[in-house]
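Asks:
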Amino acid sequence: MGKWGNYNGGLLHIALFFSFVQVSWSRGSWDGVMVTREDYEALSRVKSELIDFRGVLTSWSNGSGIAGACSGRWAGIKCVRGQVIAINLPWKGLGGRISEKIGELQALRKLSLHDNVIGGSIPAAIGLLPNLRGLHLFNNRISGRVPPSLGRSPVLQTLDLSNNQLSGNLPPSLGNPTRLFRLNLSFNYLSGSIPVSLSQSPSLVFLSLHHNNLSGPIPDTWGAGNKTLLVLDLSNNAINGSFPSSFTKLAALTTLNLGSNKIAGGIPESIRNISGLAVLDLSKNEFSGEIPKSIPSLPNLTSLNVSYNLLSGPVPFLLSKKYNSSAFVGNPNLCGYSPSAPCPSPPAAPPLSQAPSSSFPTSRGHRKLSTKDIILIAAGVLSILLLILCCTLLVCLIKKKVSGGGGKEAPAAAAGGGAATGKAAGGGEKEGGAGETGGGGKLVHFDGPLAFTADDLLCATAEIMGKSTYGTAYKATLEDGNQVAVKRLRERITKGQREFEQEVCELGKIRDPYILALRAYYLGPKGEKLLVYDYMSNGSLSSFLHARGPETGIDWATRMSIAMGITRGLCFLHSKENNNNNIVHGNLTSTNILLDDSNHPRIGDVGLSRLMTSAGNANVVATAAASGYRAPEFSKLKNASAKTDVYSLGVILLELLTGRSPGEATAAGGTDLPAWVASIVKEEWTNEVFDVELMRDAPAAGEEMLETLKLALHCVDPSPAARPEARQVLEKLEEIKPELAAAAQAAASPSPVPEKTEE
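With mature numbering (1 follows the signal peptide of the UniProt record, and there is no 0) applied, the sequence shown covers -26 to -1, 1 to 733.
(1) Cα-Cα, which of Phe112, Arg107, Ser18 and Thr541 is closest to Pro128?
(2) From Trp34 to Asn62, what distance separates their C-alpha atoms?
(3) Would DSSP call Gly263 helix, strand or coil?
(4) The beta strand (DSSP E) that contains Phe546, what's its start and end?
(5) Would DSSP call Leu714 helix, strand or coil?
(6) What's the call for Val170, buried or exposed, on a 16-neighbour Cβ count within 10 Å?
(7) From Arg28 to Ala649, what distance separates their C-alpha atoms?
(8) Closest to Arg115 by CA distance: which of Leu68, Lys201, Arg153 and Pro288 is it?
(9) If Leu452 and Ala434 are in contact, beta carbons under 8 Å, what's the gap, nearest whole angstrom?
(10) Counting Cβ pairs closer than 8 Å, one from the segment 47 to 56 and one from the segment 70 to 77, do we hit at least three?
(11) Which residues mark the beginning and the end of the beta strand (DSSP E) in which Phe180 is found?
(12) Taking Cβ positions, are Leu284 and Phe302 nearer each other than 8 Å?
(13) Which one of Gly445, Val458 and Lys441 has the shortest CA to CA distance from Thr427?
(14) Can you give the Cα-Cα distance for Gln80 and Lys21, rounded to whole angstroms?
(15) Excluding the 5 residues flanking Val472 on each side, which residues of the same chain have their C-beta closer than 7 Å to its C-beta?
(16) Could you tell me the distance, in whole angstroms, from the CA atom of Leu714 to the CA atom of His574?
(17) Closer than 8 Å by C-beta to Arg11: which residues in its own chain qualify, once you throw out the five before and the five after it? Chain order, please.
(18) Could you name the residues of the same chain whose beta carbon sits closer than 6 Å to that of Gly287, not counting the 5 residues immediately before and after it, in chain order?
(19) Sorted by chain position, which residues of the same chain lie with C-beta nearer than 6 Å to Glu475's C-beta, five sequence neighbours on each side aside?
(20) Could you tell me the distance, in whole angstroms, from the CA atom of Pro266 to the CA atom of Ser249?
(21) Please state the DSSP three-state secondary structure of Gly101.
(22) If the criterion is Cβ atoms closer than 8 Å, does the pair Arg493 and Tyr509 meet it?
(23) Indicate whether at least one CB of chain D lies closer than 8 Å to the CB of Cys317.
(24) Quick one: does the C-beta of Pro64 sit closer than 7 Å to a heavy atom of the ligand SAH?
(25) Would you please state the rounded distance, in angstroms, between the beta carbons of Ala167 and Ser141? I believe it to be under 8 Å.
(26) Can you tell me where the alpha helix (DSSP H) with Asp619 in it begins and where it stops?
(27) Looking at Leu251 and Thr228, is the spacing between their C-beta atoms short of 8 Å?
(28) Kindly list the residues whose CB is nearer than 7 Å to the CB of Val558, restricted to its own chain and excluding five residues on each side of it in sequence; keep chain order.
(29) Can you have a look at Ser271 and say buried or exposed, based on whether 16 or more other CB atoms are within 10 angstroms of its CB?
(30) Given a cut-off of 8 Å on the beta-carbon distance, is the pair Leu630 and Ile536 in contact?
(31) Checking 8 Å against the spacing of the C-beta atoms, do Leu256 and Ile269 come in under that value?
(32) Quick check on DSSP: helix, strand or coil for Gln139?
(33) When you compare only the Cα positions, how much space is there between Pro290 and Arg246?
(34) So the beta strand (DSSP E) Lys84 belongs to, where does it begin and stop?
(35) On the DSSP bridge list, what partners appear for Tyr448?
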């Protein structure tokens, strides 16, 4: 969080900037020089060819005359010494087209008309402006070709024409500007091949050409002159050929996306040379061969997708453990990435009788088994199996008999502290109690739809779902087929038994539709501590966002529904409704937000800090810092508060909006997710903030997305006092998306608080 020093003044100020409500230039200093006649006439012509649906340009009236243009009264105009240096009119509902007369504004440095409905073509004269540094025309309806003249702009730094209707080939001249560091032409209809000049640009940091109709092979001339490229996205085109070997020279590259193309051949082992790589997407191509064993050695890799190719062989072990199976599906001959795709066992060595005759002559070295021999061997094996079966049945009968007596004695034994107790759903006693299998353990139920004993729980088949600072989470499948989630807490970081039980019983009373319910706990004879929760079939929000297949999209309404649900759960924790007992979560992340089969969120790990020693909680705080969810004041105060929870909520909102995990943002840019978003907002690269999937919803939901982004930035303000309360966040979200708010309130029905019955 040390990067926050670069954002003094607060992210709220930046969020207000992002609202795109044009700040009047009259608030700045005017040098008193009237606009030149040439610039005045050029602006008048520009206005005449734009359609002003909202009356934004009424300030460009002839009434103020030549004296008004640079006085600060003309919306979006900034001047220096009587010359126009900037036109900033984004999100103004402007239509029409851009006049060729724009080329007469010789001092113009920045033209920002993004997120309007402007049509027509891009005037070639724009490329002849000698001082142009930024051209922001994304999210419009501009058609025609990309003017080759743009490649002759000597000081051009940012060119963003994405999400328009541009067609034709990419002009090779775009690789000429020596200061161009950001080029975004995504979501257009561009065709032809990628110019070699782009692969040799000495200044490019960000190159995005995805969602076009580009074809042909990728140039194999990367890295020779470009040592600065961080992001390269060529996905969703019709590119063929092979993986360019020169990609491995791009040591600074953090994001490489070639998904949804027709690229064939193998993935080279030398990919390990792209040491900064954090995101690698090669999905939906025709790659063949094995996954390189060098990929797991990439130190910063946080996101991998090679699904839907022609890859074969085993997935490297480390990759199969780190990434969800959706990263590998769709490769018929790929194995080892999930239980449903096991690798075949290696063939057994041939028996000596089948060895070559030159080495092991059958007539001398080994005789063939007779029918009698085979019968004797089979009878022996069968006898052994029957003996094992009888022993197993005998053990089970003994256990059942002991279990029947133990359950009846459970209350008395528990009072004496010797044997186990088993408390069923609703606090009642469950016959066949937990003590036998637990070896003196203790299982306590709070409530819930399932009744099981400790024996059922400890004998359930378990599958690891994840590990955290608190412990390891398992999906446990009981003998009757029902499933629960079990968290085994790490030893030596939890409180002693008496204090632990006091706290966990309080946590067992918490019931809310947006909180993951604690259904039971188990104390083992050797200090084991297990917490039993409802199992959420859709996993964590983190895996839902970052480990899904390319065919699984998440629309805006779903993300907003999840955001509202999380915020409602946090409001409940922070309110007096929670048994008059406010709870600060202290470790809110997307990994402990769980989703049910309808993608309704539940906040997990609630109150676990109460079960931990101070040393255990210190580890949690350190982990939260590394993952990007910790509020900056944590480094000094060391204590969680409602405002630190709101900060974490803001990071999750940014995660939903951007599609980026906080850890990925840190690895990719050396800064945390809030600071990365703030830097993008400051530069007006707005369509780079939102997840590319959300850009399809932008025409209908653009204002809602912007309002939500402002709210998220408000939540992650460096100053705790400037952050809203969870209740205020919820009110704003409901104001942004009222139809979801009404539906959620109609569906929500809080569960009754369970009573724990002592035996």
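Even for Gly, the Cβ is constructed at its ideal location relative to N, Cα and C.
Replies: Working from what's here:
(1) The residue labelled residue 128 in the question sits at position 154 within the sequence shown. For Pro128, the nearest C-alpha among the options comes from Arg107.
(2) If you number the sequence shown from 1, residue 34 lands on position 60. If you number the sequence shown from 1, residue 62 lands on position 88. One C-alpha to the other measures close to 14 Å.
(3) Counting from 1 along the sequence shown, the entry for residue 263 is found at position 289. Note: Gly263 maps to strand in three-state DSSP.
(4) Translated into positions along the sequence shown, residue 546 becomes position 572. That residue, Phe546, is in no beta strand (DSSP E); its alpha helix (DSSP H) goes Trp530 to His548.
(5) As a position in the sequence shown, residue 714 is number 740, starting the count at 1. If DSSP states are grouped into helix, strand and coil, Leu714 belongs with the helices.
(6) The residue you call residue 170 lines up with position 196 of the sequence shown. Exposed is the call here.
(7) Translated into positions along the sequence shown, residue 28 becomes position 54. Translated into positions along the sequence shown, residue 649 becomes position 675. When rounded, the distance between both Cα atoms is 33 Å.
(8) Locating residue 115 in the sequence shown gives position 141, where the first residue counts as 1. Of Leu68, Lys201, Arg153 and Pro288, the residue nearest in Cα terms is Leu68.
(9) Numbered from its first residue, the sequence shown carries residue 452 at position 478. Numbered from its first residue, the sequence shown carries residue 434 at position 460. That belief holds up - the Cβ atoms of Leu452 and Ala434 are roughly 5 Å apart, short of 8 Å.
(10) No, the segment 47 to 56 is not in contact with the segment 70 to 77.
(11) By one-based count along the sequence shown, residue 180 stands at place 206. Taken as a continuous stretch (DSSP letters only), the beta strand (DSSP E) holding Phe180 covers Phe180 to Ser182.
(12) Working through the sequence shown from its first residue, we reach residue 284 at position 310. Working through the sequence shown from its first residue, we reach residue 302 at position 328. Their beta carbons are not under 8 Å apart, which means Leu284 does not touch Phe302 by this criterion.
(13) Translated into the one-based positions of the sequence shown, residue 427 becomes position 453. Answer by Cα proximity: Val458.
(14) Indexing the sequence shown from 1 puts residue 80 at position 106. Indexing the sequence shown from 1 puts residue 21 at position 47. Whole-angstrom Cα-Cα distance: 17 Å.
(15) Along the sequence shown, one-based indexing puts residue 472 at 498. Note that residue 472 is Arg in the sequence shown here, rather than Val. Contacts found: none.
(16) The residue labelled residue 714 in the question sits at position 740 within the sequence shown. The residue labelled residue 574 in the question sits at position 600 within the sequence shown. Taking the CA atoms as reference points, Leu714 sits about 12 Å from His574.
(17) Residue 11 sits at position 37 when you count from the first residue of the sequence shown. For Arg11, where only same-chain residues beyond five positions count, the Cβ hits under 8 Å are Ile40.
(18) In the sequence shown, the residue the question calls residue 287 occupies position 313. Around Gly287: Glu264.
(19) Stepping through the sequence shown from its first residue, residue 475 is reached at position 501. Only residues of its own chain outside the window of five on either side were considered, and among them none has a CB closer than 6 Å to the CB of Glu475.
(20) In the sequence shown, the residue the question calls residue 266 occupies position 292. In the sequence shown, the residue the question calls residue 249 occupies position 275. Within the model, the alpha-carbon separation for Pro266 versus Ser249 is close to 14 Å.
(21) Counting from 1 along the sequence shown, the entry for residue 101 is found at position 127. In the three-state reduction of the DSSP assignment, Gly101 falls in the helix class, which pools H, G and I.
(22) What you label residue 493 is simply residue 519 of the sequence shown in a count that begins at 1. What you label residue 509 is simply residue 535 of the sequence shown in a count that begins at 1. No. Outside cutoff.
(23) Among the protein chains of the structure shown there is no chain D, as only one such chain exists.
(24) Although the ligand SAH was asked about, the structure shown includes no ligands whatsoever.
(25) Here residue 167 corresponds to residue number 193 of the sequence shown, with the count starting at 1. Here residue 141 corresponds to residue number 167 of the sequence shown, with the count starting at 1. Residue identity differs from the one stated: residue 167 is Ser in this sequence, not Ala. In fact, because the Cβ distance is near 15 Å, the residues do not count as touching under 8 Å.
(26) Here residue 619 refers to the residue found at position 645 when the sequence shown is read from its first residue. Its alpha helix (DSSP H) spans residues Ala616 to Thr632.
(27) The residue given as residue 228 occupies position 254 in the sequence shown. The residue given as residue 251 occupies position 277 in the sequence shown. Going by C-beta atoms, Thr228 is nearer than 8 Å to Leu251.
(28) Locating residue 558 in the sequence shown gives position 584, where the first residue counts as 1. Taken in chain order, the residues that qualify are Ala614, Ser615, Ala616 and Asp619.
(29) Position 297 of the sequence shown, counted from the start, is the residue given in the question as residue 271. Its Cβ having fewer than 16 others within 10 Å, Ser271 is exposed.
(30) Counting from one through the sequence shown, the residue named residue 630 turns up at place 656. Counting from one through the sequence shown, the residue named residue 536 turns up at place 562. Less than 8 Å separates the beta-carbon of Leu630 from that of Ile536.
(31) Your numbering for residue 256 matches position 282 in the sequence shown. Your numbering for residue 269 matches position 295 in the sequence shown. Cβ distance not < 8 Å, so Leu256 and Ile269 don't count as in contact.
(32) As a working note, residue 139 is residue 165 in the sequence shown. Secondary structure at Gln139: strand, using DSSP grouped into helix, strand and coil.
(33) The sequence position of residue 290 within the sequence shown is 316, counting from 1. The sequence position of residue 246 within the sequence shown is 272, counting from 1. About 14 Å.
(34) Numbered from 1 along the sequence shown, position 110 holds the residue referred to as residue 84. Unbroken beta strand (DSSP E) run through Lys84: Lys84 to Ser86.
(35) The residue you call residue 448 lines up with position 474 of the sequence shown. DSSP, once it has assigned bridges, lists Ile438 and Val460 as partnering Tyr448.
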